[in-house]
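Written out below as structure tokens is the structure these notes cover.
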Amino acid sequence: MESEKGKGSQFHFIIPYVIAESAAGVPQAEDGNANIADELKGIRVLLVEDNQFNAVVAQEELEDAIEGISVTLAENGLIAVEKLKSSTFDVILMDVQMPIMNGFEATKAIRNMGNKKANTPIIAMTANVLKEEVDLCYQAGMNDFIGKPFDTDELLHKIYNLKNKNA
Numbered sequence: 016m017e018s019e020k021g022k023g024s025q026f027h028f029i030i031p032y033v034i035a036e037s038a039a040g041v042p043q044a045e046d047g048n049a050n051i052a053d054e055l056k057g058i059r060v061l062l063v064e065d066n067q068f069n070a071v072v073a074q075e076e077l078e079d080a081i082e083g084i085s086v087t088l089a090e091n092g093l094i095a096v097e098k099l100k101s102s103t104f105d106v107i108l109m110d111v112q113m114p115i116m117n118g119f120e121a122t123k124a125i126r127n128m129g130n131k132k133a134n135t136p137i138i139a140m141t142a143n144v145l146k147e148e149v150d151l152c153y154q155a156g157m158n159d160f161i162g163k164p165f166d167t168d169e170l171l172h173k174i175y176n177l178k179n180k181n182a
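Counting from 1, position 1 in the sequence shown corresponds to residue 16 in this note's numbering; the numbering is continuous, with no gaps.
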């Protein structure tokens, strides 16, 4: 530590860390060599996001990563529920904090639909990744979550895992 009256303090420290030799925890496609994005070709995604900038970024990231993807946008949970009634999706990417109907309410409404669509996998997309918020996502019926801004590769792995779990 260095401190100088009237100027402030500086703290110096070392944080040891170990670099993993392999990506043991990273899921791979069944043959171990196939690109997960290839496995997701043609997937149908309902992207529920009230922030137009976030929606455009997410849609472009997905379209750049997955060939033939179909991304349908919904600006809030109520619109998402209505779109799910008239269409089928492989996965729903659900913002949590939205006007009119938030992500928790929309997820509960979807889970109570009483048909096969009620089991559509839902990934929460939230900037708040505190344990309490994540717990609320699972309690509402969401299958997984990802923090915003999201890592595209991590999101693809989550989609792949949920899609194959429900296949």
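All residues carry an ideal CB built from backbone N, CA and C; glycine is no exception.
This one's a predicted model, so the numbers in the text were calculated from it and none came from an experiment.
{"Asked": "Within its chain, find whatever has a CB closer than 6 Å to the CB of Thr167; leave out the 5 residues flanking it on each side and keep chain order.", "Found": "Glu76, Ala80"}
{"Asked": "State the Cα-Cα distance for the pair Pro114 and Glu120, rounded to the nearest angstrom.", "Found": "11 Å"}
{"Asked": "Between Glu64 and the rest of its own chain, which residues show a CB-CB distance below 6 Å, the 5 nearest in sequence each way excluded?", "Found": "Ala70, Asp110"}
{"Asked": "For Asn66, which residues from the same chain have a beta carbon less than 8 Å from its beta carbon, with the 5 sequence-adjacent residues on both sides left out?", "Found": "Asp110"}
{"Asked": "Short of 6 Å in beta carbon distance, which residues of its chain neighbour Lys163, apart from the five on each side in sequence? Order them along the chain.", "Found": "Met140, Ala142"}
{"Asked": "Apart from the five residues on each side of it in sequence, which residues of its chain come closer than 8 Å, Cβ to Cβ, to Ile138?", "Found": "Val106, Ile107, Leu108, Met109, Met157, Asn158, Asp159, Phe160, Ile161, Leu170, Lys173, Ile174, Leu177"}
{"Asked": "Tell me, to the nearest whole angstrom, how far the beta carbon of Met116 is from that of Asn91; I am working on the premise that it is less than 8 Å.", "Found": "6 Å"}
{"Asked": "Measuring only the C-alpha atoms, how far is Lys146 from Tyr153?", "Found": "11 Å"}
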